[in-house]
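Residue numbers (this note's numbering), protein chains in the order written: chain S, 88 to 370; chain V, 81 to 479. Report on the following structure.
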Amino acid sequence: MDQKFNCFTGSDEYVAAPELMYAVNVSIALEKPLLIKGEPGTGKTMLAEAIADSLGKELITWSIKSTTKAKDGLYVYDTVQRLYDSQFHEGDVSDIKKYIHLGKLGEAFTAEEQPVLLIDEIDKADLEFPNDLLWELDRMEFYIHETKETIRTRHRPIVIITSNAEKELPDAFLRRCIFHYIAFPDKATMRKIIKVHYKDVEEKLLNQVIETFYWLRDINELQKKPSTSELLDWVKALQMGGVKVEKIHDDLPFLGVLLKKNQDIDVVWEIREKGYTRKGWGV
Amino acid sequence: MFIEFFFLLREYKLNVSIKEWLDLMEALDKGLAGPSLLDFYHLCRSVLVKSETDYDKFDLAFSEYFKDFSSPFEIPEEVWKWLNGGTKIKEELYDKIDPNAPKYQLEELKQMLEQRLKEQRSCHRGGNYWIGTEGTSVLGHGGFAEQGIRIGGESRYRSALQIANERAFRDFRQDNIIDTRQFQVALRKLRQYSTTVDAPKTELDIDGTIKETTENGGFLKLVFEKPRKNTVKLLLLFDSDGSMLKYSKLCSALFQAVHKANHFSDLKVYYFHNCIYEHLYTSLHCIRGEWENTEKALNTLGSEYRVIFIGDGAMAPTELFRPGGNCRIGLYNELPGIYWLQRIRDKYPHHIWLNPIEESAWDHAYGHVTINAIREMFPMFELSLDGLEKGIKKLLVNR
Numbered sequence: 088m089d090q091k092f093n094c095f096t097g098s099d100e101y102v103a104a105p106e107l108m109y110a111v112n113v114s115i116a117l118e119k120p121l122l123i124k125g126e127p128g129t130g131k132t133m134l135a136e137a138i139a140d141s142l143g144k145e146l147i148t149w150s151i152k153s154t155t156k157a158k159d160g161l162y163v164y165d166t167v168q169r170l171y172d173s174q175f176h177e178g179d180v181s182d183i184k185k186y187i188h189l190g191k192l193g194e195a196f197t198a199e200e201q202p203v204l205l206i207d208e209i210d211k212a213d214l215e216f217p218n219d220l221l222w223e224l225d226r227m228e229f230y231i232h233e234t235k236e237t238i239r240t241r242h243r244p245i246v247i248i249t250s251n252a253e254k255e256l257p258d259a260f261l262r263r264c265i266f267h268y269i270a271f272p273d274k275a276t277m278r279k280i281i282k283v284h285y286k287d288v289e290e291k292l293l294n295q296v297i298e299t300f301y302w303l304r305d306i307n308e309l310q311k312k313p314s315t316s317e318l319l320d321w322v323k324a325l326q327m328g329g330v331k332v333e334k335i336h337d338d339l340p341f342l343g344v345l346l347k348k349n350q351d352i353d354v355v356w357e358i359r360e361k362g363y364t365r366k367g368w369g370v
Numbered sequence: 081m082f083i084e085f086f087f088l089l090r091e092y093k094l095n096v097s098i099k100e101w102l103d104l105m106e107a108l109d110k111g112l113a114g115p116s117l118l119d120f121y122h123l124c125r126s127v128l129v130k131s132e133t134d135y136d137k138f139d140l141a142f143s144e145y146f147k148d149f150s151s152p153f154e155i156p157e158e159v160w161k162w163l164n165g166g167t168k169i170k171e172e173l174y175d176k177i178d179p180n181a182p183k184y185q186l187e188e189l190k191q192m193l194e195q196r197l198k199e200q201r202s203c204h205r206g207g208n209y210w211i212g213t214e215g216t217s218v219l220g221h222g223g224f225a226e227q228g229i230r231i232g233g234e235s236r237y238r239s240a241l242q243i244a245n246e247r248a249f250r251d252f253r254q255d256n257i258i259d260t261r262q263f264q265v266a267l268r269k270l271r272q273y274s275t276t277v278d279a280p281k282t283e284l285d286i287d288g289t290i291k292e293t294t295e296n297g298g299f300l301k302l303v304f305e306k307p308r309k310n311t312v313k314l315l316l317l318f319d320s321d322g323s324m325l326k327y328s329k330l331c332s333a334l335f336q337a338v339h340k341a342n343h344f345s346d347l348k349v350y351y352f353h354n355c356i357y358e359h360l361y362t363s364l365h366c367i368r369g370e371w372e373n374t375e376k377a378l379n380t381l382g383s384e385y386r387v388i389f390i391g392d393g394a395m396a397p398t399e400l401f402r403p404g405g406n407c408r409i410g411l412y413n414e415l416p417g418i419y420w421l422q423r424i425r426d427k428y429p430h431h432i433w434l435n436p437i438e439e440s441a442w443d444h445a446y447g448h449v450t451i452n453a454i455r456e457m458f459p460m461f462e463l464s465l466d467g468l469e470k471g472i473k474k475l476l477v478n479r
């Protein structure tokens, strides 16, 4: 069995389901990027931090935006600076290397020790973005045209890619990944997660909070269901606010922490009063 | 080795490539599978399946391949609903066990299940024949038969096959009905950038300019490019009242998705009741007077608009074919509804019809006469994620 295998087992801060740990370890052993999907707030980004933490590796995060291009991750050629320098005769303009700045991917490739590379929210970028990275992720090398240099990875980074499913990813890209979908945690897992974050939380409070939270999530009319990170905020608010435990389910204190839309809050109160709602249709 | 599993997966319409299969072999060679079948299940799934929408198909294939004594029937969605709606078991029902109940062999049970799946049309509870909850039927769960096939209900211990059989991911199947966000994602594909169309080069290409200028020895050289903008204009026609009420949640999801989508160059929404006549309503509830002349709307909206109808198309044949067929009291239409539909079809070359009724029911559902008449005019798709995606592809291609 590979020596590296089975080394990720979750961390103090992060509760990982067994199948998730399994997927992480498979991707490390097969040296393939791990693609993580899941509802917002299920801890996709946190996973990379936890992996880096528990394996004692450096984490390099490349956050993708709608304007990000694949090339940005490799290197940027600072033409403007070079142009300025040439006009004002500063520095050695013939040394192109000076004007090549490595991007996050380039940084991960040239790192001294094996890093964890997180490509966060890859679906934010243009539809073609993942395809543009196929070669680089496959071969872990790229070519800098300006200096005619090939950058090769010294230690193949552990690559974690997250996606919110805003766009479908191309097949060719998917074939190269190990895939895992983080399902929304069940009540038992959720208890563990809360306890990891708030060690001193009272059992009574915990029970009430979890009951109420899953009751809320079961309301189909909600436009945006509360997620784990919102639940954690809520627990904190409840603890600090000193709310009586018995009142949590009836009064729903600090509901605004869980629900971010006025409409959703109205829906909840309407259900409370009448037992049903007719909202949700129309804008 | 177990290459049949590969073909079985493909039979279940899972798009597994040879590359992924070889990856799995490599993983097995490296000893990643672990001792239990559950580990093996997770390994296969993470290497072979690349979307949560396919988890369900994988579960089905997996349990078929590895469990020959209980083949997973495709239990229709409705049967699940009947069973899930089951009430809590009442204590006093425990004396119901019938000692004279016939004993079945597994093969017989399987045949019975297959047969019932064909016959059963509704939810059953407490009986002894149909698939249902409680009762003494051998098919279903929460019942009192001594033996039988449990469908759904709660399981007590978990093995890989049980997890596969539980099909926790069936909600993610793409042919299922979906929420606003998923519609939004689908709608994003409805775009066409004008770089593919003829347009003057009006936008300054900064990167290009810098590059050209540097290569020009520092003397400014401007480069222009075509603007990249979505040119798609969309005309939505919503059937919003009467028979459509029961689909309101689904329609609402689509409706909100369209409104949130801001990548269209223009978006027009009109409503109609069952069919289109002289007027197009501007409000959801089709209030008399809150409307626009259909003729006028057709004249103002150019033929570049892409038209999406959303409606069940189910109505009385007169409403579609006859003058005066308008079902709203006091409104008399000189021209039959079908005339207006034809006008719209002829004017706008890109058009589709999304129908919330399941495709399999189009031939026998209430209103199948009009549904089929409309199908002859418009390419009709089911209002589901799959249907919408197919429809959008249709909208994008030139006819």
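C-beta atoms are modelled at their ideal positions from N, C-alpha and C, and glycine is treated no differently.
State the DSSP-derived secondary structure class of residue i, mapped to helix, strand or coil.
| i | result |
| --- | --- |
| V:Y237 | For V:Y237, the pLDDT reaches just 36, beneath the cut-off of 50, and the residue's location in the model is therefore unreliable, leaving the point undetermined. |
| V:L104 | helix |
| V:Y446 | coil |
| V:V387 | strand |
| S:G125 | strand |
| S:T96 | coil |
| S:I280 | helix |
| V:Y351 | strand |
| S:F175 | coil |
| V:C313 | According to the sequence as given, residue 313 of chain V is Lys; it is not Cys. V:K313: strand per DSSP, three-state reduction. |
Straight-line CA distance for residue i to residue j?
| i | j | result |
| --- | --- | --- |
| V:S235 | S:D273 | At V:S235 the pLDDT is 37, less than 50, meaning the model places this residue with poor confidence and gives no usable figure here. |
| S:H242 | S:F196 | 7 Å |
| V:G288 | S:S173 | 18 Å |
| S:T249 | S:F260 | 13 Å |
| V:F401 | V:I390 | 19 Å |
| S:E208 | S:L134 | 13 Å |
| V:F458 | V:F85 | 41 Å |
| S:R304 | S:S314 | 9 Å |
| V:K340 | V:L330 | 16 Å |
| S:T148 | V:E439 | 45 Å |
| V:I169 | S:N307 | Low confidence applies here, because V:I169 scores a pLDDT of 41, under 50, leaving its location unreliable and the question unanswered by this model. |
| V:N435 | V:F461 | 6 Å |
Could you tell me whether any Cβ in chain V is nearer than 8 Å to the Cβ of residue i?
| i | result |
| --- | --- |
| S:R262 | yes |
| S:V113 | yes |
| S:T148 | no |
| S:I265 | yes |
| S:A103 | no |
Restricting to Cα atoms, I'd like to know which of the options is closest to residue i.
| i | options | result |
| --- | --- | --- |
| S:E236 | S:Y109, S:L161, S:V330 | S:L161 |
| V:L102 | S:V102, S:Y109, S:L117, S:L107 | S:L117 |
| S:H336 | S:I245, S:Y301, S:D225 | S:Y301 |
| V:V349 | V:V312, V:C407, V:L317, V:R125 | V:L317 |
| V:T133 | S:I280, S:G328, S:W356, S:H267 | S:H267 |
| S:H188 | S:D207, S:K119, S:V167 | S:V167 |
| S:A137 | S:L192, S:A103, S:E333, S:L214 | S:A103 |
| V:D426 | V:R386, V:L463, V:L465, V:T362 | V:R386 |
| V:K93 | V:H122, V:D136, V:E375 | V:D136 |
Against residue i, what residues of chain V qualify as contacts under a CB-to-CB distance less than 9 Å, listed in chain order?
| i | result |
| --- | --- |
| S:R226 | Result: empty, since nearest Cβ-Cβ is about 15 Å, beyond 9 Å. |
| S:T166 | D287, I290, K291, T293, T294 |
Counting only Cβ pairs nearer than 9 Å, list the residues of chain S close to residue i.
| i | result |
| --- | --- |
| V:L302 | Result: empty, since nearest Cβ-Cβ is about 15 Å, beyond 9 Å. |
With a cut-off of 8 Å, does the C-beta of residue i fall near any C-beta of chain S?
| i | result |
| --- | --- |
| V:K490 | Because chain V in this structure spans residues 81 to 479, residue 490 of chain V falls outside the shown range and cannot be described. |
| V:G467 | no |
| V:Y361 | no |
| V:V265 | yes |
| V:G166 | In this prediction, V:G166 has a pLDDT of 44, which is less than 50 and means its spatial position is unreliable; nothing more can be read from the coordinates. |
| V:Y42 | Outside the displayed range of chain V (81 to 479) lies residue 42 of chain V, so it cannot be described from this structure. |
Find the residues of chain V that neighbour residue i, judging by a C-beta separation of less than 7 Å, and give them in chain order.
| i | result |
| --- | --- |
| S:S173 | G298 |
| S:E106 | H122 |
| S:Y301 | Under the 7 Å cutoff, chain V gives no residues; its nearest Cβ is about 16 Å from S:Y301. |
| S:A252 | V265 |
In chain S, which residues lie less than 8 Å from residue i when you measure between Cβ atoms?
| i | result |
| --- | --- |
| V:E132 | K124, Y268 |
| V:Y350 | Residues of chain S passing the Cβ test: none, with the nearest at roughly 15 Å. |
| V:D103 | L117, K119 |
Taking C-beta pairs closer than 8 Å, name the residues in chain V that residue i reaches, listed in chain order.
| i | result |
| --- | --- |
| S:R169 | T294 |
Any chance the CB of residue i is under 7 Å from a heavy atom of the ligand GTP?
| i | result |
| --- | --- |
| V:Y351 | Looking at this structure, you won't find the ligand GTP or any other ligand, since it has none at all. |
Inset, instruction - Using a Cβ-Cβ cut-off of less than 7 Å, give me the residues of the region 106-129 of chain V that come near chain B, in sequence order. - result: Absent from the structure: chain B. Protein chains present are S and V.
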